[in-house]
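Peer 1: The structure that follows is given in the form of structure tokens.
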Amino acid sequence: MQETTGGHLIAMGVSEERVPINIRDVLEKGITIYGSSRSSDRDFREVLKVMKVQDCQATLRRLRIRILW
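What follows is the structure in structure tokens.
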């Protein structure tokens, strides 16, 4: 199986804690990160709708983000 690079990560909302992201993995995989602290209920519902798509679920299962401590 060939690994595909590239993709988009959407971070929605505000976290009270720091969120560790392995930037090396993000750069190696060609991931684009978008963020919004002002997302609406409509935005959230759209994300949930997209996440129900089987292709999206398969991609999320392959996504490996290592937590750095």
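Under this note's numbering, the first residue of the sequence shown is numbered 809, with each subsequent residue one higher.
Even glycine gets a Cβ: it sits at the ideal position worked out from N, Cα and C.
Note that the structure is predicted; figures quoted are calculated from it, not measured.
Would you list the residues sitting across from Ala819 in a DSSP beta bridge?
Peer 2: Beta-bridge pairing links Ala819 to Gly843.
Peer 1: How big is the Cα-Cα spacing for Ile875 and Val822?
Peer 2: Because Ile875 sits at a pLDDT of 42, beneath the cut-off of 50, its placement in the model cannot be relied upon, and the following sentence gives the value as read from the coordinates. Straight-line Cα distance between these residues: approximately 18 Å.
Peer 1: What first and last residue would you give for the alpha helix (DSSP H) that runs through Val861?
Peer 2: Careful: Val861 lies outside any alpha helix (DSSP H) and carries neither H nor E.
Peer 1: Go ahead and pull the three-state DSSP assignment for Glu825.
Peer 2: Glu825 falls in the coil class under three-state DSSP.
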